[in-house]
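One point on numbering: in numbering that gives the first Met the number 0, the residue at position 78 of the sequence shown is 77, and numbering is uninterrupted. For every residue, glycine included, the Cβ atom is placed at its ideal position computed from N, Cα and C. Structure first, then comments.
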Amino acid sequence: MTPYSDFDLDHSTARAWVDFTARLAEVLSMMDATEPLTLSTYDAADGLAGYVKFIAPDRDRLLALVPGAGALPPEHRLTSGQTDLLLADGWQAPDPTAGDERATHFSAIGRQDRSEELAGRATRVLREVFGVHHPVFLASDVLAEILQAPVDDELDALEPGAPRVVMPTDAADLGRLVERVIAALPDITAMRDTDGDLAMRVGSAMVFVRVPADAQEVLVFAPVVHDVAGRSRAAEILNDINSHARWVRFALLRDRVFVTMSILARPFVGAHLRQAIAEVCKVADGVDDLLAQSLNGRTTFGLDDLT
(Lines of atoms letter the chains of each structure in order from A and count residues from 1; the text may use other names and numbers.)
(Lines give C-alpha, C1' and ligand atoms only; values in the text may rest on other atoms or scores of the structure.)
Protein backbone atom coordinates (compact mmCIF):
# COMPACT_ATOMS: atom_id res chain seq x y z
CA MET A 1 0.00 0.00 0.00
CA THR A 2 1.37 3.43 -0.95
CA PRO A 3 1.60 6.24 1.61
CA TYR A 4 -1.07 8.17 -0.31
CA SER A 5 -3.45 5.27 -1.10
CA ASP A 6 -5.97 6.65 1.38
CA PHE A 7 -5.79 10.17 -0.03
CA ASP A 8 -9.17 11.80 -0.76
CA LEU A 9 -8.91 15.20 -2.45
CA ASP A 10 -12.47 16.25 -1.65
CA HIS A 11 -12.11 15.29 2.01
CA SER A 12 -8.71 17.01 2.21
CA THR A 13 -10.14 20.19 0.68
CA ALA A 14 -13.09 20.22 3.07
CA ARG A 15 -10.73 19.89 6.06
CA ALA A 16 -8.56 22.67 4.67
CA TRP A 17 -11.53 25.04 4.61
CA VAL A 18 -12.48 24.13 8.17
CA ASP A 19 -8.94 24.86 9.32
CA PHE A 20 -8.83 28.07 7.28
CA THR A 21 -12.07 29.30 8.85
CA ALA A 22 -10.77 28.65 12.37
CA ARG A 23 -7.53 30.53 11.71
CA LEU A 24 -9.40 33.39 10.06
CA ALA A 25 -11.66 33.68 13.11
CA GLU A 26 -8.57 33.93 15.32
CA VAL A 27 -7.12 36.72 13.18
CA LEU A 28 -10.44 38.61 13.15
CA SER A 29 -10.71 38.36 16.93
CA MET A 30 -7.47 40.35 17.24
CA MET A 31 -8.04 42.93 14.48
CA ASP A 32 -7.87 46.63 15.22
CA ALA A 33 -8.69 49.75 13.22
CA THR A 34 -5.14 50.11 11.90
CA GLU A 35 -5.77 48.48 8.52
CA PRO A 36 -8.34 46.24 6.84
CA LEU A 37 -7.86 42.58 5.97
CA THR A 38 -8.78 41.52 2.43
CA LEU A 39 -9.21 37.98 1.14
CA SER A 40 -8.70 38.33 -2.62
CA THR A 41 -9.38 35.87 -5.44
CA TYR A 42 -7.88 35.99 -8.93
CA ASP A 43 -8.81 34.50 -12.28
CA ALA A 44 -6.54 32.59 -14.64
CA ALA A 45 -5.26 35.84 -16.16
CA ASP A 46 -4.25 37.14 -12.69
CA GLY A 47 -7.02 39.69 -12.66
CA LEU A 48 -8.93 40.58 -9.49
CA ALA A 49 -12.03 38.37 -9.49
CA GLY A 50 -13.52 39.09 -6.08
CA TYR A 51 -12.79 39.64 -2.43
CA VAL A 52 -14.10 39.75 1.10
CA LYS A 53 -12.84 42.73 3.07
CA PHE A 54 -12.86 43.07 6.85
CA ILE A 55 -12.73 46.33 8.81
CA ALA A 56 -12.73 46.85 12.56
CA PRO A 57 -14.43 50.28 12.74
CA ASP A 58 -14.54 50.39 16.53
CA ARG A 59 -13.92 48.26 19.58
CA ASP A 60 -15.34 44.74 19.45
CA ARG A 61 -17.15 45.28 16.13
CA LEU A 62 -16.32 43.91 12.67
CA LEU A 63 -17.61 44.94 9.26
CA ALA A 64 -17.33 42.51 6.31
CA LEU A 65 -17.73 43.72 2.73
CA VAL A 66 -18.28 41.93 -0.60
CA PRO A 67 -18.11 43.97 -3.83
CA GLY A 68 -21.43 44.77 -5.46
CA ALA A 69 -22.21 46.22 -8.90
CA GLY A 70 -19.54 48.65 -10.05
CA ALA A 71 -16.95 47.58 -7.48
CA LEU A 72 -15.35 45.02 -9.80
CA PRO A 73 -14.48 44.95 -13.53
CA PRO A 74 -17.52 44.09 -15.71
CA GLU A 75 -16.32 40.55 -16.43
CA HIS A 76 -16.27 39.73 -12.70
CA ARG A 77 -19.42 41.44 -11.47
CA LEU A 78 -21.77 39.26 -9.49
CA THR A 79 -24.49 37.42 -11.33
CA SER A 80 -28.08 37.36 -10.09
CA GLY A 81 -27.45 33.85 -8.77
CA GLN A 82 -24.42 34.98 -6.78
CA THR A 83 -26.38 37.92 -5.42
CA ASP A 84 -29.20 35.61 -4.33
CA LEU A 85 -26.68 33.46 -2.41
CA LEU A 86 -25.40 36.50 -0.53
CA LEU A 87 -28.87 37.74 0.37
CA ALA A 88 -29.97 34.26 1.46
CA ASP A 89 -26.99 34.12 3.84
CA GLY A 90 -27.98 37.39 5.48
CA TRP A 91 -25.71 39.89 3.71
CA GLN A 92 -27.17 43.38 3.34
CA ALA A 93 -27.48 44.69 -0.20
CA PRO A 94 -25.50 47.84 -1.14
CA ASP A 95 -27.12 51.00 0.19
CA PRO A 96 -26.53 54.00 -2.14
CA THR A 97 -27.33 56.37 0.75
CA ALA A 98 -24.54 54.99 2.95
CA GLY A 99 -21.60 57.27 3.46
CA ASP A 100 -18.98 54.53 3.29
CA GLU A 101 -18.13 51.39 1.32
CA ARG A 102 -21.53 49.91 2.10
CA ALA A 103 -22.84 52.11 -0.73
CA THR A 104 -21.18 49.79 -3.27
CA HIS A 105 -20.69 46.59 -1.27
CA PHE A 106 -22.77 43.89 0.34
CA SER A 107 -22.14 44.07 4.07
CA ALA A 108 -22.36 42.03 7.25
CA ILE A 109 -21.64 43.13 10.81
CA GLY A 110 -20.22 40.88 13.50
CA ARG A 111 -18.64 40.93 16.94
CA GLN A 112 -15.01 40.16 17.64
CA ASP A 113 -15.88 37.92 20.57
CA ARG A 114 -17.96 35.85 18.11
CA SER A 115 -15.61 36.17 15.14
CA GLU A 116 -16.14 32.55 14.08
CA GLU A 117 -19.62 33.50 12.81
CA LEU A 118 -18.32 36.15 10.41
CA ALA A 119 -15.39 33.92 9.42
CA GLY A 120 -17.85 31.17 8.50
CA ARG A 121 -19.90 33.55 6.37
CA ALA A 122 -16.77 34.77 4.60
CA THR A 123 -15.74 31.18 3.84
CA ARG A 124 -19.16 30.47 2.33
CA VAL A 125 -18.78 33.54 0.10
CA LEU A 126 -15.35 32.42 -1.08
CA ARG A 127 -16.46 28.85 -1.78
CA GLU A 128 -20.07 29.23 -2.95
CA VAL A 129 -20.17 32.72 -4.46
CA PHE A 130 -16.66 33.14 -5.89
CA GLY A 131 -16.03 29.42 -6.44
CA VAL A 132 -12.60 29.25 -4.79
CA HIS A 133 -11.61 25.57 -4.73
CA HIS A 134 -9.08 25.61 -1.87
CA PRO A 135 -7.71 28.26 0.54
CA VAL A 136 -4.31 28.21 -1.19
CA PHE A 137 -6.00 29.77 -4.24
CA LEU A 138 -6.36 33.04 -2.32
CA ALA A 139 -3.92 35.93 -2.41
CA SER A 140 -0.52 34.92 -1.03
CA ASP A 141 -0.19 37.94 1.28
CA VAL A 142 -3.38 36.92 3.06
CA LEU A 143 -2.30 33.31 3.36
CA ALA A 144 1.01 34.34 4.82
CA GLU A 145 -0.85 35.93 7.72
CA ILE A 146 -3.65 33.43 8.19
CA LEU A 147 -2.37 30.04 7.07
CA GLN A 148 1.35 29.85 7.81
CA ALA A 149 2.23 28.01 10.99
CA PRO A 150 4.80 29.58 13.31
CA VAL A 151 8.40 28.98 12.28
CA ASP A 152 10.50 26.93 14.65
CA ASP A 153 12.94 29.29 16.40
CA GLU A 154 15.88 26.89 16.11
CA LEU A 155 15.39 26.46 12.38
CA ASP A 156 14.82 30.18 11.87
CA ALA A 157 18.16 30.86 13.49
CA LEU A 158 20.00 28.85 10.87
CA GLU A 159 22.02 30.95 8.49
CA PRO A 160 19.99 31.56 5.29
CA GLY A 161 21.39 29.58 2.40
CA ALA A 162 23.49 27.33 4.62
CA PRO A 163 23.38 23.56 3.97
CA ARG A 164 20.65 22.02 6.10
CA VAL A 165 21.39 18.38 6.82
CA VAL A 166 19.46 17.30 9.89
CA MET A 167 18.68 13.94 11.48
CA PRO A 168 15.00 14.20 12.52
CA THR A 169 14.03 12.54 15.78
CA ASP A 170 10.48 11.59 14.75
CA ALA A 171 7.68 12.42 12.32
CA ALA A 172 6.75 15.62 14.16
CA ASP A 173 10.34 16.84 14.00
CA LEU A 174 10.56 15.98 10.31
CA GLY A 175 7.27 17.77 9.70
CA ARG A 176 8.68 20.97 11.20
CA LEU A 177 11.76 20.71 8.99
CA VAL A 178 9.61 20.21 5.91
CA GLU A 179 7.37 23.13 6.80
CA ARG A 180 10.36 25.42 7.27
CA VAL A 181 11.74 24.57 3.82
CA ILE A 182 8.40 25.12 2.11
CA ALA A 183 7.78 28.40 3.93
CA ALA A 184 10.98 29.75 2.38
CA LEU A 185 10.01 28.86 -1.21
CA PRO A 186 9.37 31.95 -3.36
CA ASP A 187 5.86 32.43 -4.78
CA ILE A 188 4.56 29.35 -2.95
CA THR A 189 2.07 29.37 -0.11
CA ALA A 190 1.23 26.05 1.50
CA MET A 191 -1.47 25.06 3.94
CA ARG A 192 -1.26 22.15 6.36
CA ASP A 193 -4.40 20.06 6.87
CA THR A 194 -5.36 18.01 9.91
CA ASP A 195 -3.66 14.92 8.44
CA GLY A 196 -0.36 16.77 8.32
CA ASP A 197 -0.24 17.13 4.51
CA LEU A 198 0.95 20.44 3.11
CA ALA A 199 -1.00 21.57 0.04
CA MET A 200 0.02 24.13 -2.59
CA ARG A 201 -1.46 25.39 -5.83
CA VAL A 202 0.47 24.92 -9.08
CA GLY A 203 -1.45 26.14 -12.12
CA SER A 204 -4.27 23.66 -12.77
CA ALA A 205 -2.97 21.16 -10.22
CA MET A 206 -2.65 20.77 -6.46
CA VAL A 207 0.61 19.42 -5.06
CA PHE A 208 0.83 17.81 -1.62
CA VAL A 209 3.76 17.02 0.68
CA ARG A 210 3.37 14.21 3.23
CA VAL A 211 5.53 12.93 6.07
CA PRO A 212 4.75 9.23 6.78
CA ALA A 213 4.47 8.08 10.38
CA ASP A 214 7.83 6.30 10.32
CA ALA A 215 9.63 9.51 9.22
CA GLN A 216 11.81 7.57 6.79
CA GLU A 217 10.94 9.69 3.76
CA VAL A 218 9.11 12.76 2.52
CA LEU A 219 6.59 12.14 -0.23
CA VAL A 220 5.65 14.81 -2.78
CA PHE A 221 2.59 13.91 -4.85
CA ALA A 222 -0.18 15.38 -6.97
CA PRO A 223 -3.46 13.93 -8.24
CA VAL A 224 -3.27 14.92 -11.91
CA VAL A 225 -6.11 13.03 -13.61
CA HIS A 226 -9.50 12.07 -12.19
CA ASP A 227 -12.32 9.79 -13.39
CA VAL A 228 -10.06 7.71 -15.60
CA ALA A 229 -11.94 5.51 -18.09
CA GLY A 230 -10.40 2.08 -18.80
CA ARG A 231 -7.95 1.01 -16.10
CA SER A 232 -6.12 -1.55 -18.29
CA ARG A 233 -5.35 0.95 -21.01
CA ALA A 234 -4.42 3.60 -18.41
CA ALA A 235 -1.98 1.19 -16.75
CA GLU A 236 -0.29 0.48 -20.09
CA ILE A 237 0.09 4.19 -20.84
CA LEU A 238 1.50 4.92 -17.40
CA ASN A 239 3.95 2.02 -17.63
CA ASP A 240 5.27 3.49 -20.88
CA ILE A 241 5.59 6.93 -19.29
CA ASN A 242 7.36 5.52 -16.23
CA SER A 243 9.92 3.77 -18.41
CA HIS A 244 11.06 7.19 -19.65
CA ALA A 245 10.59 9.25 -16.47
CA ARG A 246 13.81 9.95 -14.60
CA TRP A 247 12.73 10.91 -11.09
CA VAL A 248 8.95 11.04 -10.80
CA ARG A 249 6.64 8.06 -11.02
CA PHE A 250 3.02 7.86 -12.18
CA ALA A 251 0.58 5.58 -10.39
CA LEU A 252 -3.05 4.60 -10.97
CA LEU A 253 -5.16 4.25 -7.84
CA ARG A 254 -8.79 3.39 -8.48
CA ASP A 255 -9.85 6.01 -11.09
CA ARG A 256 -7.20 8.60 -10.29
CA VAL A 257 -3.64 9.12 -11.56
CA PHE A 258 -0.97 10.44 -9.21
CA VAL A 259 2.51 11.72 -9.97
CA THR A 260 4.88 11.11 -7.06
CA MET A 261 8.46 11.59 -5.93
CA SER A 262 10.00 10.43 -2.68
CA ILE A 263 13.15 11.63 -0.92
CA LEU A 264 14.94 9.87 1.92
CA ALA A 265 14.67 11.74 5.20
CA ARG A 266 17.39 10.24 7.39
CA PRO A 267 19.21 12.51 7.16
CA PHE A 268 16.92 15.22 5.87
CA VAL A 269 18.39 17.59 3.25
CA GLY A 270 16.33 20.68 2.53
CA ALA A 271 17.79 21.11 -0.95
CA HIS A 272 16.53 17.65 -1.93
CA LEU A 273 12.99 18.55 -0.87
CA ARG A 274 13.10 21.80 -2.84
CA GLN A 275 14.21 19.91 -5.94
CA ALA A 276 11.50 17.28 -5.50
CA ILE A 277 8.79 19.90 -5.14
CA ALA A 278 10.03 21.75 -8.21
CA GLU A 279 10.06 18.54 -10.27
CA VAL A 280 6.59 17.39 -9.23
CA CYS A 281 5.16 20.88 -9.75
CA LYS A 282 6.65 21.07 -13.24
CA VAL A 283 5.35 17.65 -14.23
CA ALA A 284 1.92 18.00 -12.58
CA ASP A 285 1.08 21.27 -14.29
CA GLY A 286 2.86 20.33 -17.50
CA VAL A 287 1.28 16.98 -18.41
CA ASP A 288 -2.11 16.92 -16.69
CA ASP A 289 -4.10 18.29 -19.62
CA LEU A 290 -2.51 15.95 -22.17
CA LEU A 291 -2.73 12.96 -19.86
CA ALA A 292 -6.38 13.67 -19.07
CA GLN A 293 -7.18 13.68 -22.77
CA SER A 294 -5.29 10.41 -23.33
CA LEU A 295 -7.08 8.68 -20.46
CA ASN A 296 -10.53 10.20 -21.05
CA GLY A 297 -10.38 11.81 -17.60
CA ARG A 298 -10.24 15.33 -16.24
CA THR A 299 -7.67 17.54 -14.56
CA THR A 300 -8.10 18.68 -10.97
CA PHE A 301 -8.99 22.17 -12.14
CA GLY A 302 -9.66 23.48 -15.62
CA LEU A 303 -8.61 26.94 -16.78
CA ASP A 304 -12.18 28.20 -16.29
CA ASP A 305 -12.10 26.99 -12.69
CA LEU A 306 -9.00 28.88 -11.56
CA THR A 307 -10.10 31.79 -9.43
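Cβ-Cβ distances below 8 Å link residue 234 to 251 in the same chain, with the five nearest sequence neighbours on each side left out; the list follows chain order. Cβ-Cβ distances below 8 Å link residue 260 to 218, 219, 220, 246, 247, 248, 275, 278 and 279 in the same chain, with the five nearest sequence neighbours on each side left out; the list follows chain order.
Put simply, the backbone Cα of residue 229 is about 8 Å away from that of residue 294. Within the same chain, and ignoring the five residues on either side of residue 37 in sequence, the residues whose Cβ sits closer than 6 Å to its Cβ are 50 and 52. Annotation: the continuous alpha helix (DSSP H) that includes residue 237 extends over 230 to 243.
Beyond the five residues adjoining it in sequence on each side, residue 241 comes within less than 7 Å, by CB distance, of 248 and 249 in the same chain, given in chain order. In this structure, residue 55 sits near residue 61, with a CB-CB distance shorter than 7 Å. A straight line joining the alpha-carbon of residue 258 with that of residue 104 spans about 43 Å. Counting of Cβ neighbours within 10 angstroms places residue 164 among the exposed residues, the total staying below 16. The shortest C-alpha to C-alpha distance from residue 223 to any of 215, 214 and 255 is the one to 255. Separation of residue 121 and residue 63 (C-alpha to C-alpha, rounded to the nearest whole angstrom) is 8 Å. Assignment of residue 56 by DSSP, reduced to helix, strand and coil, places it in the strand class. Residue 220: member of the beta strand (DSSP E) spanning 216 to 224, first to last residue.
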